[in-house]
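Chains A and B supply the protein sequences, listed in that same order.
Counting from 1, position 546 in the first sequence corresponds to residue 545 in numbering that gives the first Met the number 0; the numbering is continuous, with no gaps.
Counting from 1, position 35 in the second sequence corresponds to residue 34 in numbering that gives the first Met the number 0; the numbering is continuous, with no gaps.
A virtual CB, placed ideally from N, CA and C, is assigned to each residue, including glycine.
Take a look at the structure set out below.
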Amino acid sequence: MLARLNLALLALLAPTLSFAGDAISATEKQPLNLHAIGMFVLFVSMTLGITYWAAGRTKSAADFYTAGGGITGFQNGLAIAGDYMSAATLLGLTALVYTKGVDGYIYMIAFFAGWPIILFLMAERLRNLGKFTFADITSYRLNQGKVRTMAAVSSLTVVCFYLVAQMVGAGQLIKLLFGLDYTIALFVVGALMMVYVTFGGMVATTWVQIIKACMLLAGGTLVMILAMSQFGFSFENLMTKAISVHSLGEKILFPGSLLPDPVTALSLGLGLMFGTAGLPHILMRFFTVTNAKEARKSVLYASGFVAYFFNVILLMGLAAIIIVGQNPDFFEGGKIGGKIVGGGNMVAMHLAKAVGGNLLLGFLSAVAFATILAVVSGLALAGAASISHDIYARVIRKGKATETEELRISKLSSIGLGLVAIVLGILFEKMNVAFMVALAFGIAASANFPVLILSMYWKGLTTRGAVIGGYVGLVAAVLFVLLSKSVWVTVLGNAQALFPYDQPALFSMPLAFLVTIVLSKLDNSAEAQAERAAFEDQYVRAQTGFGAADASSH
Amino acid sequence: MSSSSSQSAVYARIRRNPRFAELVAKRQGFATILSVIVLTIFYGFFMVVAFQPQVIGQRLSEGSYLTVGIAVELFMFIFFWVLTAVYVKRANGEFDAMTAEIIRDASKEVK
Numbered sequence: 000m001l002a003r004l005n006l007a008l009l010a011l012l013a014p015t016l017s018f019a020g021d022a023i024s025a026t027e028k029q030p031l032n033l034h035a036i037g038m039f040v041l042f043v044s045m046t047l048g049i050t051y052w053a054a055g056r057t058k059s060a061a062d063f064y065t066a067g068g069g070i071t072g073f074q075n076g077l078a079i080a081g082d083y084m085s086a087a088t089l090l091g092l093t094a095l096v097y098t099k100g101v102d103g104y105i106y107m108i109a110f111f112a113g114w115p116i117i118l119f120l121m122a123e124r125l126r127n128l129g130k131f132t133f134a135d136i137t138s139y140r141l142n143q144g145k146v147r148t149m150a151a152v153s154s155l156t157v158v159c160f161y162l163v164a165q166m167v168g169a170g171q172l173i174k175l176l177f178g179l180d181y182t183i184a185l186f187v188v189g190a191l192m193m194v195y196v197t198f199g200g201m202v203a204t205t206w207v208q209i210i211k212a213c214m215l216l217a218g219g220t221l222v223m224i225l226a227m228s229q230f231g232f233s234f235e236n237l238m239t240k241a242i243s244v245h246s247l248g249e250k251i252l253f254p255g256s257l258l259p260d261p262v263t264a265l266s267l268g269l270g271l272m273f274g275t276a277g278l279p280h281i282l283m284r285f286f287t288v289t290n291a292k293e294a295r296k297s298v299l300y301a302s303g304f305v306a307y308f309f310n311v312i313l314l315m316g317l318a319a320i321i322i323v324g325q326n327p328d329f330f331e332g333g334k335i336g337g338k339i340v341g342g343g344n345m346v347a348m349h350l351a352k353a354v355g356g357n358l359l360l361g362f363l364s365a366v367a368f369a370t371i372l373a374v375v376s377g378l379a380l381a382g383a384a385s386i387s388h389d390i391y392a393r394v395i396r397k398g399k400a401t402e403t404e405e406l407r408i409s410k411l412s413s414i415g416l417g418l419v420a421i422v423l424g425i426l427f428e429k430m431n432v433a434f435m436v437a438l439a440f441g442i443a444a445s446a447n448f449p450v451l452i453l454s455m456y457w458k459g460l461t462t463r464g465a466v467i468g469g470y471v472g473l474v475a476a477v478l479f480v481l482l483s484k485s486v487w488v489t490v491l492g493n494a495q496a497l498f499p500y501d502q503p504a505l506f507s508m509p510l511a512f513l514v515t516i517v518l519s520k521l522d523n524s525a526e527a528q529a530e531r532a533a534f535e536d537q538y539v540r541a542q543t544g545f546g547a548a549d550a551s552s553h
Numbered sequence: 000m001s002s003s004s005s006q007s008a009v010y011a012r013i014r015r016n017p018r019f020a021e022l023v024a025k026r027q028g029f030a031t032i033l034s035v036i037v038l039t040i041f042y043g044f045f046m047v048v049a050f051q052p053q054v055i056g057q058r059l060s061e062g063s064y065l066t067v068g069i070a071v072e073l074f075m076f077i078f079f080w081v082l083t084a085v086y087v088k089r090a091n092g093e094f095d096a097m098t099a100e101i102i103r104d105a106s107k108e109v110k
């Protein structure tokens, strides 16, 4: 049951999980899809045009990291939705509803419920205290060198795991959708990502995400409407037919293997909710808006789009049960109920073809490719900011680097991260990389989130507590995942998992909180006293935004 | 990231303003209540899924294809989003107006 949960989880979290499964069994290339390639070329030309325009407007470090803080709440809301909804959302979740019914819907609410919490507890403080990276907030009154190093190490770990997962998923997906070779696909994704980020910085990255979000919303809505028209737009009609033809029958209305026990359910819920609140590329988006007002609006729009799209996916998945599941053309050898052509993740694509022909299939394929590009660009930019702004400018040069030097390092870092992503993507092609997404969320929830939230809310936090607590959270999350079934058994081939749950958050996150709080309380050094005293000014700025304006005045 | 001394003086004045304490108490209280509502409904639903999965698939009424699970989840999607809208409206209106007034007063006094 845990293995199935893990599979489902991975399918949701990133293209990787389900693709990883398919990668081993179904690596055959599809014939060249000319509609898809044509539309993708159109998307790439448009985004490269925007990058050229953005390059002219990217002069200062603030332009590069945060688009000069000039993004509106509505634009940022779309960009956050574009950053958050990966190809896995479209493909993996549709497939999950198709195979398991209501389980997929339960998964989606877990993915959504973190957003209101981010708004209520974090959005305005993030905007009021942050500048370019979330380490600006955690190191606000603590030791710059130590705290930024810790934040950069955990951010880069999160970015690398997430990036590899996306790259491997991208290679598999593109091979399936476009008929391109895996290695060529990785080079195309890596090269485009480097161009967007290096030349266009946050301005280009934001617009790539906005365009992609619009394409995703439009493509999904179109498929949903065309599919629903076959059922007279009646949900009851759709459900009756889906239950009557699905092999699980009535059982698609009940939770299945997704949440086998309360521990897994709670750990999954915690990991998704607070992992989202610790992902460096998501946090960075809050620094691109003018003020706290726009930061709040960003979440309002982003969560609205995400909630809407998840409900579209539910309808798509249910409609696919009848439209795809009853059409022999979509099964290998024409046997209904057998193996789906191209693997389980192709359900959404088959549905598009069934209701809108090759043109709609091509459009949805281009959407999936655009989605991957947008997500990896956001990750690469967040990783580059950690290297150049935190490590280079603040730790190595101790704040003495000029803006030109810092910008040069950030551009070199983007290229470096692109190359690392391509190389790791090729190395991990045949491996099951599903665990990497769970790990990225686990680390984000255990290393980034506790220190970040305590730095904003708790006066007593000291450097010693934050640094050791952060590293403990990082190591614990990595160890728990390493010893869990998904790595210890599935990847390393051992017989028995040493840690019984695939989700680390329920254990590693409280551990990080505990260590951070206890060590901070025990810390009575002179620095610790000064750090506690400095909370007062930080608190007023967090609450009022006074003094934060300089972050967006460029 | 040390604040300049004039900035620190403003921060000190803001802190002494009783309106600031009022703003923080009001906004924090409001955000906490909304968070508790979201977390209770969300984890409550997850516990039902874990312990009483048969409840999720029950029909709302005889012959209806709307089940408890689908209805509650649709409700959560809409209700949680409405709560974000409620918070944004109050924070961007009432709370931000208070904040602007507090900053204006503190800056004036310094000069």
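If we define contact as Cβ-Cβ less than 8 Å, is residue i a contact residue for chain B?
i, result
"A/P261", "yes"
"A/D536", "yes"
"A/N127", "no"
"A/Q542", "yes"
"A/G546", "yes"
"A/P254", "yes"
"A/L453", "no"
"A/V43", "no"
"A/F440", "no"
"A/A264", "yes"
What residues in its chain sit with their C-beta under 7 Å from that of residue i, if we drop five residues either side in the sequence?
i, result
"A/T26", "Only weak support is given to the placement of A/T26: the predicted model assigns it a pLDDT of 43, under 50, and the question is left unresolved by the model."
"A/K520", "G459"
"A/G255", "K99 and D102"
"A/I321", "K240, A241 and V244"
"A/L505", "V262, L265, S266 and L269"
At the level of alpha carbons, what is the spacing between residue i and residue j?
i, j, result
"B/A84", "A/V305", "14 Å"
"A/V244", "B/Y64", "15 Å"
"A/L278", "A/A443", "6 Å"
"A/S246", "A/I335", "11 Å"
"A/L491", "A/S507", "22 Å"
"B/L82", "A/A276", "18 Å"
"A/A527", "A/A533", "10 Å"
"A/F111", "B/T39", "15 Å"
"A/S454", "A/R407", "30 Å"
"A/I251", "B/Y86", "36 Å"
"A/Y161", "B/I13", "42 Å"
"A/T461", "A/G303", "37 Å"
"A/L418", "A/T197", "13 Å"
Count the other C-beta atoms from every protein chain shown that fall within 10 angstroms of the C-beta of residue i, then say buried if there are 16 or more, exposed otherwise.
i, result
"A/Y51", "exposed"
"B/F17", "For the record, residue 17 of chain B in the displayed sequence is Pro; it is not Phe. Exposed, since its Cβ has fewer than 16 Cβ neighbours within 10 Å."
"A/N523", "exposed"
"A/E123", "buried"
"A/N357", "exposed"
"A/I386", "buried"
"B/R103", "exposed"
"B/E21", "exposed"
"A/G168", "buried"
"A/V288", "buried"
Using a Cβ-Cβ distance cut-off of 8 Å, determine whether residue i contacts chain A.
i, result
"B/T98", "yes"
"B/S34", "yes"
"B/T66", "yes"
"B/R15", "no"
"B/A49", "yes"
"B/D95", "yes"
"B/M0", "In this predicted model, B/M0 has a pLDDT of only 43, less than 50, meaning its place in the structure is not dependable; the value taken from the coordinates is given anyway. Yes, its Cβ sits closer than 8 Å to a Cβ of chain A."
With a CB to CB cut of under 6 Å and the five nearest residues on each side skipped, what residues in its chain are close to residue i?
i, result
"B/F94", "R26"
"A/L90", "N344 and A347"
"A/F285", "L125, R126 and A294"
Ignore the nearest five residues each way along the sequence and tell me which others in residue i's own chain have a CB closer than 8 Å to its CB.
i, result
"A/M315", "T93, V96, G219, V222, M223, A226, A347 and L350"
"A/G333", "P327"
Quiz item: Relative to chain A, which residues along the stretch 72 to 89 of chain B have a C-beta separation below 8 Å, given in chain order?
Solution: E72, L73, M75, F76, I77, F79, W80, L82, T83, A84, Y86 and V87
Quiz item: Given a limit of 9 Å on CB to CB distance, which residues of the stretch 156 to 173 of chain A reach chain B?
Solution: none
Quiz item: If contact means a Cβ-Cβ distance below 8 Å, which residues of the stretch 292 to 309 of chain A contact chain B?
Solution: Flagged, chain order: K292, R295, K296, V298, L299, S302, G303, A306 and F309.
Quiz prompt | Within 8 Å of chain B by C-beta, residues of the stretch 211 to 238 of chain A in sequence order | solution = F234, E235 and M238
Practice problem: Using a Cβ-Cβ cut-off of less than 9 Å, list which residues of the stretch 105 to 116 of chain A approach chain B; keep chain order. | Solution: I105, M107, I108, A109, F111, A112, W114, P115 and I116
Quiz item: Going along the chain, which residues of the stretch 53 to 65 of chain B sit with their C-beta nearer than 8 Å to a C-beta in chain A?
Solution: Q53, I55, G56, S63, Y64 and L65
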